[in-house]
Amino acid sequence: KQEVTQIPAALSVPEGENLVLNCSFTDSAIYNLQWFRQDPGKGLTSLLLIQSSQREQTSGRLNASLDKSSGRSTLYIAASQPGDSATYLCAVKTLAGNMLTFGGGTRLMVKP
Amino acid sequence: ETGVTQTPRHLVMGMTNKKSLKCEQHLGHNAMYWYKQSAKKPLELMFVYNFKEQTENNSVPSRFSPECPNSSHLFLHLHTLQPEDSALYLCASSQTLSGSSYEQYFGPGTRLTVT
Chain Z
1 KQEVTQIPAA LSVPEGENLV LNCSFTDSAI YNLQWFRQDP GKGLTSLLLI
51 QSSQREQTSG RLNASLDKSS GRSTLYIAAS QPGDSATYLC AVKTLAGNML
101 TFGGGTRLMV KP
Chain X
1 ETGVTQTPRH LVMGMTNKKS LKCEQHLGHN AMYWYKQSAK KPLELMFVYN
51 FKEQTENNSV PSRFSPECPN SSHLFLHLHT LQPEDSALYL CASSQTLSGS
101 SYEQYFGPGT RLTVT
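Listed below in structure tokens is the structure:
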């Protein structure tokens with residue numbers, strides 16, 4: 001059974017800092033990995049989707065990498081802003097089955 | 001706006017009530033999902049529908065009853081719930097189920113409180 005872990009569970013940084021969020025998964029037989037953002041009490045917004053054959057994806061200040069063999073992904077946020085404060089979730093779609101398995105999320109606070 | 005809407009946004013119900021959650025997607029997708037997000041627990045998949053047919057039931061108690069009349073609408077019928085069922089219920093849709101390139105688009109969720 002796929003298990004997804006995100007470390008740290010919470011992170012507080014000053015504005016302008018570059019930061020890295022970590023995601024690890026136990027079963028490397030995946031279709032893709034997706035990073036989401038969730039604001040308090042709201043739904044999920046997809047940030048980046050990395051196919052299993054890809055190593056990284058970039059969107060603006062965000063860069064996500066994938067090392068499938070080691071079961072790891074990182075989300076790099078450059079020059080963080082207070083508006084980046086949210087919970088960041090990673091999810092993997094395993095080859096077996098049609099389900100996304102989510103990590104517990106990292107709650108990010110960027111202080112002005 | 002993701003193209004997925006959910007109503008109501010907030011719901012308070014007693015354990016003996018019957019209520020329904022509604023999800024509608026305007027993206028032309030063929031697959032729809034219900035997820036449950038409880039405090040301090042990872043997001044959990046509940047049900048998956050593909051072309052109106054249920055393809056996954058993730059061991060969900062029968063007090064939750066899904067309905068998918070067409071590819072654009074998904075309902076979750078609730079009856080005799082327990083306080084531990086209080087959570088944020090999220091609906092999502094995707095173009096297809098299989099393949100590596102699909103993304104799931106989520107609605108804003110319904111915050112359910114069972115008293």
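These protein sequence lines are chains Z and X, in that order.
Read in order, the letters of the first sequence correspond to residues 1 to 112 in our numbering.
Read in order, the letters of the second sequence correspond to residues 1 to 115 in our numbering.
Don't be surprised by glycine CBs; every beta carbon is placed ideally from N, CA and C.
Since the structure is predicted, the reported quantities are computational estimates derived from the model, not experimental observations.
Starting from the Cα of Z/L89, find the closest Cα among Z/A96, Z/P82, Z/G103 and give me that residue.
For this step, residue 89 of chain Z is matched to residue 89 along the first sequence. The residue with the shortest Cα to Cα distance from Z/L89 is Z/G103.
Counting only Cβ pairs nearer than 7 Å, list the residues of chain X close to Z/F25.
The count along the first sequence starts at 1 and reaches residue 25 of chain Z at position 25. In chain order: nothing, as chain X lies at least about 12 Å away.
Would you kindly work out how many angstroms separate the C-alpha atoms of Z/Q6 and Z/T94, rounded to a whole number?
The residue given as residue 6 of chain Z occupies position 6 in the first sequence. The residue given as residue 94 of chain Z occupies position 94 in the first sequence. Taking the straight line joining both Cα atoms gives about 17 Å.
Distance, Cα to Cα, Z/P8 vs X/S98?
Position 8 of the first sequence, counted from the start, is the residue given in the question as residue 8 of chain Z. Position 98 of the second sequence, counted from the start, is the residue given in the question as residue 98 of chain X. When rounded, the distance between both Cα atoms is 31 Å.
Against chain X, does Z/K1 count as a neighbour if the rule is that its beta carbon must be under 8 Å from one of theirs?
Within the first sequence, numbered from 1, the residue matching residue 1 of chain Z stands at position 1. Not closer than 8 Å to any Cβ of chain X, the Cβ of Z/K1 fails to qualify, so no.
Give me, in chain order, the residues of the same chain whose beta-carbon lies closer than 6 Å to that of X/R111; leave out the 5 immediate sequence neighbours on both sides.
Reading the second sequence from its first residue, position 111 is the one you call residue 111 of chain X. Closer than 6 Å at Cβ, skipping near neighbours: H10, L88.
Whether or not the segment 71-88 of chain X and the segment 32-39 of chain X are in contact is what I'm after, with contact meaning three or more pairs of Cβ atoms, one per stretch, closer than 8 Å; do they touch?
yes
From X/H77 to X/P8, what distance separates their C-alpha atoms?
On the second sequence, position 77 is the one that residue 77 of chain X refers to. On the second sequence, position 8 is the one that residue 8 of chain X refers to. Spanning the two alpha carbons is a distance of roughly 13 Å.
Where DSSP assigns a beta bridge to X/N70, which residues make up the other side?
Start at 1 with the first residue of the second sequence, and residue 70 of chain X comes out as number 70. According to DSSP, X/N70 bridges with X/H73.
So which residues of chain X does Z/S59 contact, with C-beta pairs closer than 7 Å?
What you label residue 59 of chain Z is simply residue 59 of the first sequence in a count that begins at 1. The premise fails here: Z/S59 is roughly 13 Å from chain X at the closest Cβ pair, so nothing lies under 7 Å.
Which word fits Z/A91, buried or exposed, when buried means at least 16 other C-beta atoms lie within 10 angstroms of its C-beta?
Counted from its first residue, the first sequence places residue 91 of chain Z at position 91. With 16 or more Cβ atoms within 10 Å of its Cβ, Z/A91 is classed as buried.
Using only the alpha-carbon positions, how far apart do Z/G41 and X/T113 sit?
Here residue 41 of chain Z corresponds to residue number 41 of the first sequence, with the count starting at 1. Here residue 113 of chain X corresponds to residue number 113 of the second sequence, with the count starting at 1. Answer to the nearest angstrom: the Cα atoms are 13 Å apart.
Is Z/S46 close to chain X, meaning its C-beta is less than 8 Å from at least one C-beta of that chain?
Taking the first sequence and counting its residues from 1, one reaches residue 46 of chain Z at position 46. Z/S46 counts as touching chain X.
Run of the beta strand (DSSP E) containing X/Q6, from where it starts to where it stops:
Translated into positions along the second sequence, residue 6 of chain X becomes position 6. Looking at the DSSP string, the run of the beta strand (DSSP E) that includes X/Q6 is 4-7.
Using a Cβ-Cβ cutoff of 9 Å, what residues of the segment 38-62 of chain X are near chain Z? List them in chain order.
K40, K41, P42, L43, E44, L45, V48, N50, T55, E56, N58
If we count the other Cβ atoms within 10 Å of its Cβ and call it buried at 16 or more, is Z/P82 buried or exposed?
What you label residue 82 of chain Z is simply residue 82 of the first sequence in a count that begins at 1. That one is exposed.
Own chain residues within Cβ distance below 8 Å of Z/L11, not counting five before or after:
Against the first sequence, residue 11 of chain Z aligns to sequence position 11. Once the five neighbours on either side are set aside, the close Cβ partners of Z/L11 are L19, L21, T106, R107, L108, M109.
X/L81 versus X/N58: straight-line alpha-carbon distance, rounded
For the purposes of this step, residue 81 of chain X is taken as residue 81 along the second sequence, with counting starting at 1. For the purposes of this step, residue 58 of chain X is taken as residue 58 along the second sequence, with counting starting at 1. The straight-line gap from Cα to Cα measures roughly 17 Å.
Indicate the three-state DSSP secondary structure (helix, strand or coil) for Z/G67 in the structure shown.
The residue labelled residue 67 of chain Z in the question sits at position 67 within the first sequence. First, the amino acid is wrong: residue 67 of chain Z is Asp here, not Gly. Of the three classes helix, strand and coil, the one that applies to Z/D67 here is strand, per DSSP.
If you follow the beta strand (DSSP E) that Z/L44 is part of, which residue opens it and which one closes it?
Stepping through the first sequence from its first residue, residue 44 of chain Z is reached at position 44. Where Z/L44 is concerned, the enclosing beta strand (DSSP E) stretches over 44-51.
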